[in-house]
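Residue numbers (this note's numbering): 3 to 643.
Here it is in structure tokens:
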């Protein structure tokens with residue numbers, strides 16, 4: 003769950019310099035241990051970490067209560083915080099990779115989740131497993147919602163101190179497009195995952211790490227579950243771009259200098275040992291966090307004691323590779339190495355998650371038996387390209403595979419990787435019923451062309467044709483939670499219906515969740531005739547007036563146009579009129595953080611049918627009486643039922 007006793011690296015130069023020395027000594031220590039065969043190599047263990055979101059049972063929006071919940075679970079060491087107040091994380095026990103390890107992992111995870119659900123009832127809250135919470139809003143990611151722990155404050159401040167531009171920018175395009183700025187790296191808290199660990203011997207680490215890189219794309223494609231961000235349909239696994247951009251301190255320049263993002267897939271194949279990764283990460287990325295490390299790893303080595311390598315652990319926790327190398331100490335006191343797969347999203351159910359884990363773990367072992375050096379079968383460039391395709395297109399991807407073969411994600415899974423994964427699990431003597439159950443789920447997903455991302459995209463698109471954006475997101479989120487409670491694998495889920503949610507509460511949503519953002523606008527010097535045509539073509543009754551910088555300057559209404567043309571016809575005037583001649587120069591506006599009740603009250607009291615939504619003088623949206631008519635009609639339909 004990460005080292006918590008850390009400080010901002012720039013707070014104290016003496017502590018920071020001491021930390022860097024310890025970091026370098028840790029590298030020397032692990033190098034010595036590798037050369038002298040200190041590492042555990044006669045056993046293979048697996049483990050996992052489960053991240054989740056907490057939601058209010060009524061609104062299904064984020065519930066900011068993680069610290070309160072943890073106070074009631076002080077004796078449960080397996081549960082801890084994550085970055086935002088609406089996140090929790092659990093650590094599953096490491097277990098030997100054999101027999102019924104997979105079903106035991108699933109049962110342990112379900113037991114933990116059930117314990118948390120029972121605690122959440124006190125706050126009328128629930129948990130949800132999904133890569134990105136569909137009902138998450140941008141304002142949920144403001145710094146007030148950061149989990150109040152020193153580590154998180156230090157991490158946010160340190161990343162902010164290195165920001166080259168003026169803000170963090172999200173730029174993603176799928177069915178919809180998202181272009182938005184944010185003032186902190188807390189955007190990272192959008193992402194929740196099911197991180198799977200595989201213990202690897204030092205002798206096999208290079209081979210296994212390169213296999214993990216190669217498998218990342220097809221595994222992510224079949225497991226994708228993060229297609230919706232702030233109501234926009236984007237990449238099938240939007241976590242990949244969102245995480246990188248949330249922590250990306252870079253900006254555009256008029257030169258070609260390259261700077262590596264702190265979240266990355268890597269820069270090439272691994273050749274020598276795990277040390278290559280640690281050394282590259284120290285060389286490329288400045289120390290963000292420091293810790294007052296008391297141990298001297300070199301002295302401990304001289305005393306024949308295994309060091310914790312705490313400085314290396316702290317720095318490693320601030321560099322986010324999708325396949326992350328990990329160092330640890332087993333219960334028997336021996337050091338070990340692990341590969342942490344961070345590609346897999348949380349959800350759609352704990353059963354689906356273990357199926358994803360089984361597929362990856364089995365394919366890792368099977369591929370290692372089949373390929374002594376996977377680099378001879380596929381180029382690094384194709385592996386990197388496949389990863390990008392899988393993030394964008396998920397189960398719809400087409401990959402370049404061994405010997406330059408072009409193959410779709412489902413075909414690759416069905417024809418090549420599932421047999422390899424089965425063989426790998428059989429080599430580990432995993433229980434045959436576990437193998438059949440979990441690989442059977444992957445097989446059905448591929449055959450039906452259905453995973454969590456595709457289900458969400460289909461469900462949301464269907465619901466958007468029947469109701470507004472917020473209601474569609476809420477109904478879909480309710481359906482996800484319902485299906486998770488039944489532990490139904492995602493390929494068996496039905497698409498949700500509006501009637502499935504009886505107590506949708508639109509009064510609690512904010513203007514920014516409700517407003518129309520696809521705006522048609524004019525400027526002050528535009529001809530009235532142009533405005534009239536535009537409003538007729540688009541069938542709209544209100545036209546905001548803005549300047550070239552997007553600042554609101556006025557408002558044209560259909561009533562104003564009617565009055566203008568009536569007068570013009572009486573006077574038989576031929577002169578040209580412009581927008582500024584008839585517009586409302588100072589229209590009543592509202593801010594995006596207001597509730598829709600505030601908007602409704604303002605419109606009723608002011609006897610107006612339209613409210614431009616303005617933030618810092620910039621026009622960001624519009625609300626009209628038609629928007630409220632849609633909500634009222636939906637409420638009446640619910641009352642009828």
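Don't be surprised by glycine CBs; every beta carbon is placed ideally from N, CA and C. Please read all numbers here as calculations on a predicted model, not as lab measurements.
About 6 Å separates the Cβ atoms of residue 580 and residue 528, confirming a contact at the 8 Å cut-off. The three-state reading of DSSP puts residue 367 in helix, counting H, G and I together.
For residue 539, the uninterrupted alpha helix (DSSP H) run begins and ends at 530–540, by DSSP. In terms of Cα proximity to residue 436, the closest of 489, 360, 192 is 360. Secondary structure of residue 328 (DSSP, three-state): strand.
Residue state for residue 84 is assigned as coil, using DSSP reduced to three classes. Distance check between residue 75 and each of 117, 86, 52, 112 places 117 closest, using alpha-carbon atoms only. Around the beta carbon of residue 514, a 10 Å sphere encloses 16 or more other beta carbons of the protein chains shown; the residue is thus reported as buried. Pairing residue 368 with residue 426 gives a Cβ-Cβ distance under 8 Å. Residue 638 counts as exposed, since fewer than 16 other beta carbons sit within 10 angstroms of its beta carbon.
At a Cβ-Cβ threshold of 8 Å, residue 122 and residue 56 count as neighbours. Excluding its 5 nearest sequence neighbours in each direction, residue 494 has no C-beta neighbour in its own chain below 6 Å.
For residue 134, the three-state secondary structure derived from DSSP is strand. With a contact defined as Cβ atoms closer than 8 Å, residue 624 and residue 294 miss out at about 54 Å. Separation of the CB atoms of residue 49 and residue 94 is rounded to 6 Å, and the pair is thereby assigned contact status at 8 Å. Beta bridge pairing from DSSP links residue 265 with 322. At the C-beta level, residue 134 and residue 213 stay beyond 8 Å of one another.
Under the DSSP assignment, residue 389 falls in the alpha helix (DSSP H) whose first and last residues are 382–395.
Counting C-beta atoms within 10 angstroms of its own C-beta, residue 69 has fewer than 16 neighbours from the protein chains shown and is therefore classed as exposed.
Around the C-beta of residue 512, 16 or more other C-beta atoms lie within 10 Å, and the residue is accordingly described as buried. Distance check between residue 592 and each of 46, 605, 403, 405 places 605 closest, using alpha-carbon atoms only. The C-beta distance from residue 99 to residue 459 rounds to 34 Å, too long to fall under 8 Å, and the pair is not in contact.
DSSP places residue 111 within a helical segment (H, G or I) once states are collapsed to three.
Residue state for residue 357 is assigned as helix, using DSSP reduced to three classes.
A check of alpha carbon separations from residue 27 across 315, 380, 410, 590 identifies 315 as the nearest. Contact check between the stretch 375–391 and the stretch 475–495: fewer than three CB pairs, one atom from each, fall below 8 Å, which does not count as touching. In this structure, residue 347 lies near residue 226, with their beta-carbon atoms less than 8 Å apart. Annotated three-state conformation of residue 30 is helix, per DSSP. With a minimum length of 3 residues, the unbroken runs of beta strand (DSSP E) contained wholly in the stretch 591–625 fall at 612–617. A check of alpha carbon separations from residue 80 across 92, 200, 473 identifies 92 as the nearest. For residue 508, same chain residues with a beta-carbon under 6 Å away, outside a window of 5 residues either side, are 633 in chain order. Distance check between residue 585 and each of 530, 298, 278 places 530 closest, using alpha-carbon atoms only.
If you check the CB distance, residue 421 and residue 465 do not come in under 8 Å.
If you compare the alpha carbons of 612, 622, 451 with that of residue 631, the shortest gap goes to 612. In the displayed model, residue 227 falls within coil according to three-state DSSP, outside both helix and strand. Inter-segment contact for the stretch 301–315 and the stretch 26–42 is present: three or more beta-carbon pairs are separated by less than 8 Å.
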